[in-house]
Structures are given as C-alpha cells and as structure tokens.
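In our numbering, the protein residues as written are 2 to 175. Heads up, the thing below is written out as structure tokens.
This is how it looks when you write it as structure tokens:
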C-alpha cells in the first residue's frame, strides 16, 4: 500500500516482482549477457529422456538467463552456474515448474518460446505472496516496477496495482 496525491495505491508484490523479473529475463535472453553465479559443486538432477530433450531445446535461452550447464544429456543435467539471485535449493522446483509449463503450453515460434520461458522463470523466482518486505525493499520493488514497460499488468495479464481515490473512500463511509 502506497499513498498518492489523490488517494492510495495497492500493489500486489508477487505480481509486481513477476513483472520486474519477466522484463529482466527477456532483456537478458535477447539483448545483454546475463550474470551467472558459479557454483563450488555442480548440482545434478535426473529427468526422463523426454524432459532432457525439452531442456536441450531451450538450452540456449536458459544459458542466456544465467544457467551454466556442464552436462545436459541422457537422463542427467549438471549445472555449474545459476542466474544471479537464484538459490541452489530452488533449482529443482524451478526446473520442475518450467518443464510443466513447457509441456502444457507448447510454443510454435522462438519468440513465444522465450516469452513462455521468461514467464515461467519469473513466476518461480518472484517473491511469494505473504512474505513481508522491509520498507527499503518495498520501495526498491516499486521503483523497479515503475521502470518497467508495462507496470500495471503481470506477465500473465493480471492486474498488478489498484488505485483508489480519496473520494471513493468518502462514498464508502457516507
């Protein structure tokens, strides 16, 4: 909740963070090189050959977001680097969610594949609802949100913010 001249603005922090991450991930995939944090010990995951084939089909996009693979074949993936800000403990969940999203929504074009990947990663990485942010973290998120191209909607077209005029409150209490 933030005050504005004419009333208040309520911002859904999970959806706002999804928007911020979505645009950042798309930018990393298409324009600039992503920052990757190298791991001391590689993470290893087992998947079916079908799921490994899916991951191989989007390997370049995943690497453009900051993932570094040392192995992506047979039924095993090994990851040596993660996008900045991604916790090692979340990687399995991120890949499970990503694979599920890809299997449920098969994109036909490269752009829609990038879009789907960015949406899925943003949803997995975003601050969860109910997590209390410190005031400076809230302010930082709001500043990042309003620097986005479309701050009012999430990547999945859900409303991120709601404004209420002071006159709306007056009407409610009369």
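Backbone N, C-alpha and C fix where the C-beta goes; we use that ideal spot for every residue, glycine too.
Measure from the alpha carbon of residue 82 to the alpha carbon of each residue in 96, 67, 95, then state which is nearest.
Nearest option by C-alpha distance: 67.
So the candidates are 43, 73, 64; which of them puts its Cα closest to the Cα of residue 50?
Restricting attention to 43, 73, 64, the CA atom closest to the CA of residue 50 is found in 73.
I believe residue 12 touches residue 162 by the beta-carbon criterion, under 8 Å. Please report the beta-carbon distance rounded to the nearest angstrom.
With 8 Å as the limit, residue 12 and residue 162 qualify as a contact, their Cβ atoms being about 5 Å apart.
Between the alpha carbons of residue 139 and residue 69, how many angstroms are there, rounded?
Answer to the nearest angstrom: the Cα atoms are 31 Å apart.
Measure the CB-CB distance between residue 27 and residue 119 and report whether it falls below 8 Å.
Yes, Cβ-Cβ distance for residue 27 and residue 119 is below 8 Å.
Euclidean distance between Cα positions of residue 80 and residue 92
Each residue's alpha carbon lies about 9 Å from the other.
DSSP on residue 134, reduced to helix/strand/coil?
If DSSP states are grouped into helix, strand and coil, residue 134 belongs with coil.
Exposed or buried, which one is residue 141 when buried takes at least 16 other CB atoms within 10 Å?
With fewer than 16 other Cβ atoms from the protein chains shown falling within 10 Å of its own Cβ, residue 141 counts as exposed.
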